[in-house]
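Notes to accompany the following structure.
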Amino acid sequence: MILANNKRALRGYDLHERYEAGISLLGWEVKGILAGQAQLLDSYVSIHRGEAWLVNCHIAPQANVNLASGADPKRRRKLLLRAAELRKIDGKHRRTGMTIMVVDLRKAGRKIKAVIALAKGRKLHDKRRKIEERDWRRNKGW
């Protein structure tokens with residue numbers, strides 16, 4: 063079940079390889095995601111010191127959450143990947159210059175997973191061609 067998705071990633075980028083990663087979350091963040099309060103619009107994945115981090119993902123707290131403890135809705139969250147997957151993603155990111163984007167957040171059993179992908183930005187003419195192809199496919203049945 064998809065809880066939040068990144069529409070900008072689907073529209074402006076060509077997605078190449080997808081991976082499913084766990085996320086290290088706090089209790090109020092889990093409640094916020096399940097309530098549909100997560101935004102992935104400007105989020106991306108950063109690899110620092112051999113660990114993957116989810117950056118700029120805004121998770122709004124629910125009204126009954128006490129934020130006096132210094133909870134930050136845009137804090138960096140650790141992504142849980144196998145070491146081999148992390149090395150593979152980091153190598154392709156460094157070699158090809160592709161961006162590591164969060165495609166969506168989904169519920170897998172009792173856990174919340176992030177689907178990340180290696181993505182290459184589309185040029186303006188590529189976006190236009192994609193729209194033309196979509197319109198052609200839509201109208202070819204007429």
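Here our numbering is used: the first residue of the sequence shown is 63, the next is one more, and so on.
Backbone N, C-alpha and C define an ideal beta-carbon position, used for all residues, glycine too.
Handout entry: Per-residue DSSP class, three states only, for L96
Key = As a working mapping, residue 96 is identified with position 34 in the sequence shown. Three-state DSSP puts L96 in a helix.
Problem - Exposed unless 16 or more other CB atoms sit within 10 angstroms - verdict on K189 - result: Taking the first residue of the sequence shown as position 1, residue 189 is located at position 127. Label assigned to K189: exposed.
Problem - Closest by C-alpha distance to L96, when choosing among G183, K202, K173 - result: Taking the sequence shown and counting its residues from 1, the one referred to as residue 96 is at position 34. If we check each option's Cα against that of L96, K173 comes out closest.
Practice task
Spell out a yes or no on whether the segment 101-114 and the segment 160-169 are touching, meaning 3 or more CB-CB pairs, one atom from each, closer than 8 Å.
Solution key: These segments touch.
Practice task
List the DSSP bridge partners of R156.
Solution key: Your numbering for residue 156 matches position 94 in the sequence shown. DSSP lists no partner for R156.
Problem - Beta-carbon spacing of H78, A179 below 8 Å - result: Counted from its first residue, the sequence shown places residue 78 at position 16. Counted from its first residue, the sequence shown places residue 179 at position 117. Contact: yes.
Practice task
Output the distance between the C-alpha atoms of A171 and V92, rounded to the nearest integer angstrom.
Solution key: Residue numbering aside, residue 171 sits at position 109 when the sequence shown is read from its first letter. Residue numbering aside, residue 92 sits at position 30 when the sequence shown is read from its first letter. Rather than Ala, the amino acid found at residue 171 in this sequence is Gly. Straight through space, the alpha carbons of V92 and G171 are spaced by roughly 14 Å.
Exercise for the section: Could you give the DSSP three-state label for L65: helix, strand or coil? Expected result: Residue mapping note: residue 65 aligns to position 3 of the sequence shown, counting from 1. The answer is strand: DSSP assigns L65 an E or B state.
Practice task
Compare the Cα-Cα distances from W90 to each of R196, K202, A125 and report the closest residue.
Solution key: Within the sequence shown, residue 90 is the residue found at index 28, counting from 1. Comparing Cα-Cα distances from W90 to each of R196, K202, A125, the minimum goes to A125.
Problem - Beta-carbon proximity check, T158 vs Y106, cutoff 8 Å - result: Counting from one through the sequence shown, the residue named residue 158 turns up at place 96. Counting from one through the sequence shown, the residue named residue 106 turns up at place 44. No, the Cβ-Cβ distance between T158 and Y106 is not below 8 Å.
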